[in-house]
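Asker: In our numbering, the protein residues as written are 10 to 198. Have a look at the structure that comes next, please.
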């Protein structure tokens, strides 16, 4: 098991390396990726037990990403201090759905581990290192940013539609020209 006191294993990889499978220590790199994936899944399982609200956010994002339409694991299994895999299901018909959901959650943990390792690559001095303390904050923030961009595109489309509607009616379009306004209000010297 991973202890927080234990230093994560690292493998130096030059920035010019094109394929990690051709690296002399590719087996060690593979082990680092697998352990990081397991750390992410273990962290997700801990969230399931200790912080169900955060887990529900992460699970919803992952299910949307994989277009998986199954009930939440929070609804399918009994949470008696056991992790996602060992918790007993409420109904036997949920067993297959739980297996499918767990597969997708593990795939998402794999993606998050790879992203975290590659994001930390330059900070670690061109070393691929095991992620010992995983977090899903990047996934949550990325989803929030995507929703903001989607809202902005929707608002811009509405504004464009309103402008086009006014053009069709031969009405003037009220646009603010920022270039004709003074740059600063207090510069009247």
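Just so it is clear, CB atoms sit at the ideal spot from N, CA and C, and this is done for glycine as well.
For residue 79, does the three-state DSSP call read helix, strand or coil?
Answerer: Residue mapping note: residue 79 aligns to position 70 of the chain shown, counting from 1. Residue 79: coil per DSSP, three-state reduction.
Asker: With 16 as the cutoff for other CB atoms within 10 Å, does residue 80 come out buried or exposed?
Answerer: Taking the chain shown and counting its residues from 1, one reaches residue 80 at position 71. Residue 80 comes out exposed.
Asker: For residue 20, count neighbouring C-beta atoms within 10 Å of its own C-beta (all shown protein chains included) and say buried if the count is 16 or more, exposed if not.
Answerer: What you label residue 20 is simply residue 11 of the chain shown in a count that begins at 1. Buried, since its Cβ has 16 or more Cβ neighbours within 10 Å.
Asker: Tell me, please, which residues DSSP counts as bridged to residue 165.
Answerer: Walking along the chain shown from the start, residue 165 turns up at place 156. Answer is none; residue 165 lacks a bridge partner.
Asker: Please state if the CB of residue 17 and the CB of residue 135 are separated by a distance shorter than 8 angstroms.
Answerer: Here residue 135 refers to the residue found at position 126 of the chain shown. Here residue 17 refers to the residue found at position 8 of the chain shown. Not in contact: residue 135 and residue 17 (Cβ atoms no closer than 8 angstroms).
Asker: With a 10 Å radius around its C-beta and 16 neighbouring C-beta atoms as the bar for buried, classify residue 155 as buried or exposed.
Answerer: The residue you call residue 155 lines up with position 146 of the chain shown. By the neighbour-count rule (16 or more Cβ atoms within 10 Å), residue 155 is not buried but exposed.
Asker: Taking buried to mean at least 16 other C-beta atoms within 10 Å of its own C-beta, is residue 165 buried or exposed?
Answerer: Along the chain shown, read from residue 1 onward, the residue named residue 165 stands at position 156. Result: exposed.
Asker: Let's test the definition: count the other Cβ atoms within 10 Å of the Cβ of residue 171 and tell me whether it reaches 16, buried, or not, exposed.
Answerer: To locate residue 171, count along the chain shown from 1; it is residue 162. It counts as exposed.
Asker: In angstroms with no decimal places, state the Cα-to-Cα distance between residue 90 and residue 58.
Answerer: Residue numbering aside, residue 90 sits at position 81 when the chain shown is read from its first letter. Residue numbering aside, residue 58 sits at position 49 when the chain shown is read from its first letter. Looking at the two C-alpha atoms, the distance is approximately 6 angstroms.
Asker: Consult DSSP for residue 149 and reduce its assignment to one of helix, strand or coil.
Answerer: Here residue 149 refers to the residue found at position 140 of the chain shown. Correct three-state label for residue 149: helix.
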